[in-house]
Ligand code: SAH
């Protein structure tokens, strides 16, 4: 497991955020807490946002996109129940922060992350490189098509709002695999589904989330 040295000046703000996330029940899992402590969010925000890196809020990155709110990232990560050695597909790399958290949890496993903006692919790759993370593979493509080359995936996470989960992603999930996505228009429900022999079953569903939209061939009904 990677061990990243974090500058002392951030120790207190990271700790304060963790206490807040625990008190508000967005963080309950020790492994996810360890990921949050070891993958510093300030390495994934533009310089202009550094002072806000440990606020529980989304922050602008570029191309009108955002790095997700810490509480949402921890909740999605906990629901996804990531195990050591797994292969994960993420749609919507953005800053690469969520990808890095997943990469910490899969250990020797791999994360494939698809982003449609070339500027963000570059931004995320640079951020990941600063931390010597080498098991996240960022791909420039329309993520609604998935990334068939490496399928099937044990886990799939969509970090942008869709009105329905793109069919190619369901096809690329392995049996007993889990997929999480924000589904809806102006406000979304976070939905966790499991692929079984009998089809997809809903495991969890929670309303009132807001994500930037998923834009692509299979993003709409
Ligand atoms: N996980 C990110 C959050 C990114 S916001 C983070 O931690 O920073 C959602 C991202 O999805 C944006 O970067 C947006 O450009 C991207 N996106 C939207 N539609 C997409 C698509 N069809 N394929 C790939 N990426 C997409």
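In the numbering used here, the protein residues as written are 26 to 246. Beta carbons are placed, not taken as given, at the ideal position from N, Cα and C, and that holds for glycine.
Item to check | Buried/exposed call for residue 44, threshold 16 Cβ in 10 Å | outcome: Counting other Cβ atoms within 10 Å of its Cβ, residue 44 stays below 16 and is therefore classed as exposed.
Item to check | Inter-stretch contact at 8 Å, needing at least 3 Cβ pairs: the segment 114-127 / the segment 63-70 | outcome: yes
Checklist entry - Looking at the structure shown, is residue 124 part of a helix, part of a strand, or coil, going by DSSP? => result helix
Checklist entry - What is the residue span of the beta strand (DSSP E) that residue 203 lies within? => result Per DSSP, the unbroken beta strand (DSSP E) holding residue 203 starts and ends at 198-209.
Item to check | Residue environment, residue 55, which counts as buried when at least 16 other CB atoms sit within 10 Å | outcome: exposed
Checklist entry - Does the beta-carbon distance from residue 158 to residue 185 come in below 8 Å? => result no
Checklist entry - Quick one: is residue 160 buried, meaning 16 or more other Cβ sit within 10 Å of its Cβ, or exposed? => result buried
Next on the checklist: With three or more beta-carbon pairs closer than 8 Å as the criterion, would you say the segment 145-155 touches the segment 169-183?
Outcome noted: no
Checklist entry - Is residue 189 near residue 212, with beta carbons less than 8 Å apart? => result Residue 212 sits away from residue 189, with the two beta carbons spaced by 8 Å or more.
Next on the checklist: Check whether the segment 198-207 and the segment 216-223 touch, using three or more Cβ-Cβ pairs below 8 Å as the test.
Outcome noted: yes
Item to check | residue 140 versus residue 174 - alpha carbon distance | outcome: Each residue's Cα considered, the two are about 16 Å apart.
Checklist entry - For residue 40, which of helix, strand or coil comes out of DSSP? => result helix
Next on the checklist: So, at 7 Å on beta carbons, what are the nonlocal neighbours of residue 150 in its own chain, with the 5 sequence-adjacent residues on each side left out?
Outcome noted: 163
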